[in-house]
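Student:
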Amino acid sequence: MNFGDNLPPAERHLLLGVCAWPVARVRDGDRITGFLMHEMPAEFLHTIGGASTPVEARYLLFQPGRARQDLRQPDVAGRTGIALAAARLVDLLHGHGFVLGDLSSRNLLWQPAPPHKIFVLDCDGLRRHGGEPVLRQAHTPGWDDPLQPSTGPDLDTDRYKLALLIGRVLACDAHVRPGKELTLLPGLEPRTAHAVADLFARAAGPRGSRPIAREWVQAILGHRRIIVRRPPLRQLSEPAGHGDMPQAPPAPRESIPVAMPTTTGPSVPGRPMTLGERVTTSEAFAEQRRISRSAISDEQVTALINGLDARDGRLSVTEAGALINEPVERTGLLMGAAKRLLNVDGYDVLTLKDGDQTVDLNLRLLMEQFFDEEVEP
746 MNFGDNLPPA
756 ERHLLLGVCA
766 WPVARVRDGD
776 RITGFLMHEM
786 PAEFLHTIGG
796 ASTPVEARYL
806 LFQPGRARQD
816 LRQPDVAGRT
826 GIALAAARLV
836 DLLHGHGFVL
846 GDLSSRNLLW
856 QPAPPHKIFV
866 LDCDGLRRHG
876 GEPVLRQAHT
886 PGWDDPLQPS
896 TGPDLDTDRY
906 KLALLIGRVL
916 ACDAHVRPGK
926 ELTLLPGLEP
936 RTAHAVADLF
946 ARAAGPRGSR
956 PIAREWVQAI
966 LGHRRIIVRR
976 PPLRQLSEPA
986 GHGDMPQAPP
996 APRESIPVAM
1006 PTTTGPSVPG
1016 RPMTLGERVT
1026 TSEAFAEQRR
1036 ISRSAISDEQ
1046 VTALINGLDA
1056 RDGRLSVTEA
1066 GALINEPVER
1076 TGLLMGAAKR
1086 LLNVDGYDVL
1096 TLKDGDQTVD
1106 LNLRLLMEQF
1116 FDEEVEP
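Under the working numbering, think of the first position of the sequence shown as 746, with each following residue one higher.
So this is what it looks like as structure tokens:
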């Protein structure tokens, strides 16, 4: 409830200016019976069909009918501004660990007059990632995530729905989904159009590979994206004596085991830096090290990242322990320390999966967080 009050001024203005955010609790003695939210601003209402009606984003997804002919549609620049505002809001909320859940054309309003601001309803259903919502999170038909887990919406579900929202608004198409051809409205700057189409297509991928909100912000703003080509996948030999440990399902790769890349020590003149070395010598990592108490050394983080990079981002905890030269019972604790260093702003760059038996590194997100780069699939 007090989240907005504790934000820096710019973020607080963004949150409270575009959201019906809960601002006060209603109590009956010691019992909380409800909460108060900001009223919908009048500029998001318009006379449609003779009645004052909230201007929902769904009015951007169809050609205007007879009842809506007096609702002036924004031009491409206006639609781009609406998409950018939505991406910035999701980026802010995800950065603080909030799941929207029901992100759709029914709870996002837009101001019909320039500058086409947005306002999001139903914020009482938001929840912290990993927590329970105060109210059951709603669901809008046609805005479902086909890969939503049985536990309900999460950050990855939000990323899919953000792709739906941005793609549909910029194409004026109420039904297009990632994996289908996206026909964008004419007038988008070519580089922006290419980046938007690329991110929309990526949203059809498996969980964990969908674009994060900040990537949409960069694409819409036309920021140049640096493509980093990944080295060929290589197989890591299983450490002796641990053949019965549960492993992540293997991806197709070469069958000949090879030595891991150089992982520790200073870089050698003339040799390109490994991914691990690039991360641990970056300004972003130095800042993470400054604000986070972590028992894992820079050399161990370097070795861990290089090992994960060689295996397409997945290792068993046993394999990770072998890389950083630690017993398996201590490796789990050090993975928690590595997460505090690599998970910038709460984003899940490094995670433990399969009952804490598998270490998973989101290489795309690592590049975005530490270098503002994107990994080519």
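Idealized CB from N, CA, C, for every residue including glycine. A quick note: this is a predicted structure, and the numbers were derived from the prediction, not measured.
Would you list the one or two residues that DSSP bridges to isoleucine 793?
Tutor: Ala796
Student: What is the DSSP secondary structure of alanine 769, reduced to helix, strand or coil?
Tutor: strand
Student: Rounded to a whole number of angstroms, what is the C-alpha to C-alpha distance between aspartate 889 and proline 923?
Tutor: 12 Å
Student: What residue range is occupied by the uninterrupted alpha helix (DSSP H) comprising arginine 1059?
Tutor: Where arginine 1059 is concerned, there is no enclosing alpha helix (DSSP H), although the beta strand (DSSP E) it sits in stretches over 1059-1061.
Student: According to DSSP, is valine 1104 part of a helix, a strand, or is it coil?
Tutor: strand
Student: Nearest-angstrom Cα distance between glycine 842 and histidine 783?
Tutor: 22 Å
Student: Got a sec, what are the start and stop residues for the alpha helix (DSSP H) phenylalanine 945 sits in?
Tutor: 935-947
Student: Nearest to aspartate 1093 by CA position, among Met1112, Leu1078 and Gln1102, is which residue?
Tutor: Met1112
Student: When DSSP labels each residue in this structure, what does threonine 698 get in the three-state scheme?
Tutor: Only positions 746 to 1122 of the chain appear in the structure, and residue 698 is not among them; the question remains open.
Student: Here's a check: name, in chain order, each residue in its chain whose Cβ is nearer than 7 Å to the Cβ of aspartate 859, leaving out the five neighbours to either side.
Tutor: It is worth fixing the name first, because residue 859 is proline in this sequence and not aspartate. Excluding residues within five positions, the ones whose Cβ falls inside 7 Å are Gly823.
Student: Answer yes or no: the CB of lysine 1098 versus the heavy atoms of the ligand NAP, is any distance below 6 Å?
Tutor: Looking for the ligand NAP in the displayed structure turns up nothing, as the structure carries no ligands at all.
Student: With burial defined as no fewer than 16 other Cβ atoms inside 10 Å of the residue's Cβ, what is the status of aspartate 820: buried or exposed?
Tutor: exposed
Student: What number of angstroms, rounded off, separates the C-alpha of tyrosine 804 from the C-alpha of aspartate 815?
Tutor: Linking tyrosine 804 to aspartate 815 through their CA atoms gives a straight-line distance of about 12 Å.
Student: In or out: glycine 826 buried (at least 16 other Cβ within 10 Å) or exposed?
Tutor: buried
Student: Does the separation of the CB atoms of alanine 1123 and leucine 1068 fall below 7 Å?
Tutor: The shown model of the chain, from 746 to 1122, leaves out residue 1123, and the question about it has no answer.
Student: Residues in the same chain with beta-carbon distance under 6 Å from proline 994, minus the five sequence neighbours each way, listed in chain order, please.
Tutor: At proline 994 the pLDDT is 38, less than 50, meaning the model places this residue with poor confidence and gives no usable figure here.
Student: Give a yes or no on whether the C-beta atoms belonging to aspartate 836 and arginine 959 are separated by under 7 Å.
Tutor: yes
Student: Quick check: the Cα distance between valine 921 and aspartate 899, rounded to an integer number of angstroms?
Tutor: 22 Å
Student: Looking at the unbroken alpha helix (DSSP H) that takes in arginine 833, where does it start and where does it end?
Tutor: 821-840
Student: Taking a contact to mean a Cβ-Cβ separation below 7 Å, would you say proline 767 touches phenylalanine 780 in this structure?
Tutor: yes
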